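Quick note on full-length UniProt numbering: the sequence shown kicks off at 1 and runs consecutively. From the three backbone atoms N, C-alpha and C, an ideal C-beta is built for every residue, glycine too. All of these numbers come straight from a predicted model, not from anything done at the bench.
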Amino acid sequence: MTDGNGDESGVPERVRRAARDHDALGDPAGGGFPVTSTPFDGRIAVDERDDGRLAFDVTVRVPTLSAVAVDEVADVVDEGWYDTFERRVADIGAVTEGDHDLSPATRRAGEEAVVEASLTDLNERRGVNDAVAVVDYVEGTYVQGVVPGYEYTDPVAGLIDRARAAGGSGDY
Numbered sequence: 001m002t003d004g005n006g007d008e009s010g011v012p013e014r015v016r017r018a019a020r021d022h023d024a025l026g027d028p029a030g031g032g033f034p035v036t037s038t039p040f041d042g043r044i045a046v047d048e049r050d051d052g053r054l055a056f057d058v059t060v061r062v063p064t065l066s067a068v069a070v071d072e073v074a075d076v077v078d079e080g081w082y083d084t085f086e087r088r089v090a091d092i093g094a095v096t097e098g099d100h101d102l103s104p105a106t107r108r109a110g111e112e113a114v115v116e117a118s119l120t121d122l123n124e125r126r127g128v129n130d131a132v133a134v135v136d137y138v139e140g141t142y143v144q145g146v147v148p149g150y151e152y153t154d155p156v157a158g159l160i161d162r163a164r165a166a167g168g169s170g171d172y
């Protein structure tokens, strides 16, 4: 697919410009953009529809609790964490500027939870902002669900340290 300017990446030029101006997106690769504002694997793929609207497909991969805990996590705790994470992500609410009917889907893939959501918009800048907001929401939801009492590896250890610093608390 080309973007009308001979670019084979499949990303329309108007989206490339909006993404270049957004500080949370990296250079496009594989038809989408990596989200650089999170330590998780967040990606935004974009496609232009025949009616000029842009489809933004957001994918965020986060480690399961047991994948980042130093010590073993009981299955019941890990399952409870995943169920809660899935419910919280589904309740995404009004994190976007546009009027989108967000219905994120969450699934397990090995030691990861994968969240996928889609939105469409005519305005490329609003669409980019909203797609990044979805990634940020998933990260925030993940951090809210971290279970105290475990020692964690990165990226969770780094997120906890950032939260402590921002909140002025050394306790967790």
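_So, does the stretch 28-44 touch the stretch 74-91, judging by three or more C-beta pairs under 8 Å?_
no
*So, helix, strand or coil for glycine 32, using DSSP?*
strand
*asked:* So the candidates are Arg107, Phe56 and Glu111; which of them puts its Cα closest to the Cα of aspartate 101?
replied: Phe56
*Could you give the uninterrupted runs of the alpha helix (DSSP H) lying entirely in the stretch 68-146, keeping only those of 4 residues or more?*
75-90 and 124-144
_Here's a check: name, in chain order, each residue in its chain whose Cβ is nearer than 7 Å to the Cβ of glutamate 97, leaving out the five neighbours to either side._
Arg126, Asn129 and Asp130
*Integer Cβ distance of proline 28 from arginine 17, believed to fall under 8 Å*: Not quite, the Cβ-Cβ distance comes to about 12 Å (not below 8 Å), so this is no contact.
_Extent of the continuous alpha helix (DSSP H) to which glycine 167 belongs_ = 156-167
_Exposed unless 16 or more other CB atoms sit within 10 angstroms - verdict on glutamate 139_ = buried
*Beta-carbon separation (whole angstroms), tyrosine 142 vs phenylalanine 85, contact threshold 8 Å*: 7 Å
*asked:* Taking the beta carbon of proline 12 as the centre, do at least 16 other beta carbons fall within 10 Å, making it buried, or is it exposed?
replied: buried
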